[in-house]
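J.:
2 protein chains.
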Amino acid sequence: MDESAQVTATTVVDAGPSPSMGQPLDAAEELIQLSRIVQDIHARISQRHGLPPVQAKLLCVLAFGPRGMAELARCFGVEKAALTGLVDRAERRGFVSRSPVTGDRRALRVTLTSSGHRAAAAFHTDAAAELNQLLSPLAPSDREDFRTALAKIIATRGQPHSPTEAG
Amino acid sequence: MDESAQVTATTVVDAGPSPSMGQPLDAAEELIQLSRIVQDIHARISQRHGLPPVQAKLLCVLAFGPRGMAELARCFGVEKAALTGLVDRAERRGFVSRSPVTGDRRALRVTLTSSGHRAAAAFHTDAAAELNQLLSPLAPSDREDFRTALAKIIATRGQPHSPTEAG
DNA sequence: TATTGTTATACTCTATAACTATA
DNA sequence: TATAGTTATAGAGTATAACAATA
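Top line first, the protein sequences correspond to chains A and B. At position 76 of the first sequence the residue is numbered 131 (the numbering used here), and the sequence of numbers has no breaks. At position 27 of the second sequence the residue is numbered 82 (the numbering used here), and the sequence of numbers has no breaks.
This is the structure:
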């Protein structure tokens, strides 16, 4: 009878057209929806470039310079064993290469190939364009305010753990 | 030497502590970061409840009422074959059940069990709390403005296709 | 002992294609 | 023919655990 009594649209992450459309959204739901839109854009552009989303992410991280496997695992928030497979697939496609690290014979350095650089740049161009487009419905001053709020939220949560300068 | 020339932090979706921290972020990067934070919250709370994120999403969608397989597939933006497996796993854990639809002998209706309802409600409570918490660094009036902007962005993109009233 | 990376195994999620049954 | 759902197969992504080599 009233299955909807306890659960609102809030937690319907990424669910597209939801059964509760038409009601005003609460803050949590709005955040979820924005998140969905951003992820969808990322996924769609990845696909357009023939890359699984995580591979696109990998290329973009490596565009800043070579990284070690463990460093990448921390950066992605996954186990190191997952990185082995991730890098395997990227290497198989010619986007990255593993090379030894002088001074630590256990370590490997993952580097973008020139093909990987091209793929990363092409992906980035498209993604940045579409994401920036997202703010176009806002008036310039509103856009400023929105970004200020966004920055405040991000600063409060995403505490970066000073990355190693390696590379 | 300058691998970072072409690709900015923008497209580093979900990359956690990025190599470019400390520089001011552009709008696209901010959107990506917020998206990462929201998804991380969802994933973490799903895990806390012993659910893969997509399973949590399924429970929350079904909390509004039963849905057909094809309806769920459209809602999730995946192929119907993927739904079969998704519902299989949820059914195996006792969260949902399939039942016939009178009037269309091809169709199945997926319904939350009482166990599924409890899981959905518990998950939702946690998720809504943490997501709303995200806006706490904003002053009340800023929060209003932020949500207004958010709503405008969402309205411009996420065009809901009036869902079937079925249930 | 701790760290770096790999292998082995298993599970979830997804796509594609071929199939059945019903509309 | 079109739609609802399943099965089969393949692949990506992830976790855990056990392992090797090095620090």
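Every residue, glycine too, gets a C-beta built ideally from N, C-alpha and C.
Would you mind giving the Cβ-Cβ distance between isoleucine 92 of chain B and glutamate 185 of chain B, rounded to the nearest angstrom? I have them listed as a contact below 8 Å.
T.: As a first step, residue 92 of chain B is located in the second sequence; it is residue number 37 there, counting from the start. As a first step, residue 185 of chain B is located in the second sequence; it is residue number 130 there, counting from the start. Their Cβ separation, rounded to whole angstroms, is 10 Å, which puts isoleucine 92 of chain B and glutamate 185 of chain B out of contact at 8 Å.
J.: Excluding the five sequence neighbours on either side, which residues of its own chain have a C-beta within less than 7 Å of the C-beta of alanine 125 of chain B, listed in chain order?
T.: Translated into positions along the second sequence, residue 125 of chain B becomes position 70. Same-chain partners within the cutoff: Lys135.
J.: So that I know if they touch, is there some Cβ in chain A lying closer than 8 Å to that of valine 93 of chain B?
T.: The residue you call residue 93 of chain B lines up with position 38 of the second sequence. By this cut-off, valine 93 of chain B is an interface position.
J.: Compare the Cα-Cα distances from glutamate 164 of chain A to each of A:Ser170, A:Gly171 and A:Pro155 and report the closest residue.
T.: Within the first sequence, the letter at position 109 stands for residue 164 of chain A. The amino acid at residue 164 of chain A is misidentified as glutamate; the sequence shows arginine. Here the closest residue by C-alpha is A:Pro155.
J.: What is the C-beta distance between leucine 193 of chain A and alanine 204 of chain B, in whole angstroms, given that I count them as a contact (C-beta under 8 Å)?
T.: What you label residue 193 of chain A is simply residue 138 of the first sequence in a count that begins at 1. What you label residue 204 of chain B is simply residue 149 of the second sequence in a count that begins at 1. Yes, they are in contact, since the Cβ atoms of leucine 193 of chain A and alanine 204 of chain B sit about 6 Å apart, within 8 Å.
J.: Output, in chain order, the set of chain A residues within a Cβ distance shorter than 7 Å of phenylalanine 201 of chain B.
T.: The residue you call residue 201 of chain B lines up with position 146 of the second sequence. Correct list: Phe201 and Ala204.
J.: Under a Cβ-count criterion, where at least 16 other Cβ atoms within 10 Å of its own Cβ denotes burial, should glutamine 94 of chain B be classed as buried or exposed?
T.: Position 39 of the second sequence, counted from the first residue, corresponds to residue 94 of chain B. Buried.
J.: Please classify proline 121 of chain A as buried or exposed, where buried requires at least 16 neighbouring CB atoms within 10 angstroms.
T.: Residue 121 of chain A sits at position 66 when you count from the first residue of the first sequence. It counts as buried.
J.: Are there three or more Cβ pairs, one per stretch, closer than 8 Å when the segment 168–176 of chain B is compared with the segment 139–156 of chain B?
T.: Three or more beta-carbon pairs separated by less than 8 Å link the segment 168–176 of chain B to the segment 139–156 of chain B, which places the two stretches in contact.
J.: Report the option in B:Val142, B:Asp181 and B:Ala82 whose CA atom is closest to the CA atom of leucine 117 of chain B.
T.: Taking the second sequence and counting its residues from 1, one reaches residue 117 of chain B at position 62. It is B:Val142 whose Cα lies nearest to the Cα of leucine 117 of chain B.
J.: Quick check on DSSP: helix, strand or coil for proline 121 of chain A?
T.: Looking up residue 121 of chain A in the first sequence gives position 66. Reduced to three states, the DSSP call for proline 121 of chain A is coil.
J.: To the nearest angstrom, report how far apart glutamine 88 of chain A and histidine 179 of chain B are at their CA atoms.
T.: In the first sequence, residue 88 of chain A corresponds to position 33, counting from 1. In the second sequence, residue 179 of chain B corresponds to position 124, counting from 1. Glutamine 88 of chain A and histidine 179 of chain B have their alpha carbons spaced roughly 15 Å apart.
J.: Leaving out five residues on either side along the sequence, give the residues of the same chain with a beta carbon under 6 Å from the beta carbon of aspartate 159 of chain A.
T.: Counting from one through the first sequence, the residue named residue 159 of chain A turns up at place 104. Taking aspartate 159 of chain A as the centre and dropping the five residues before and after it, the same chain places no C-beta closer than 6 Å to its C-beta.
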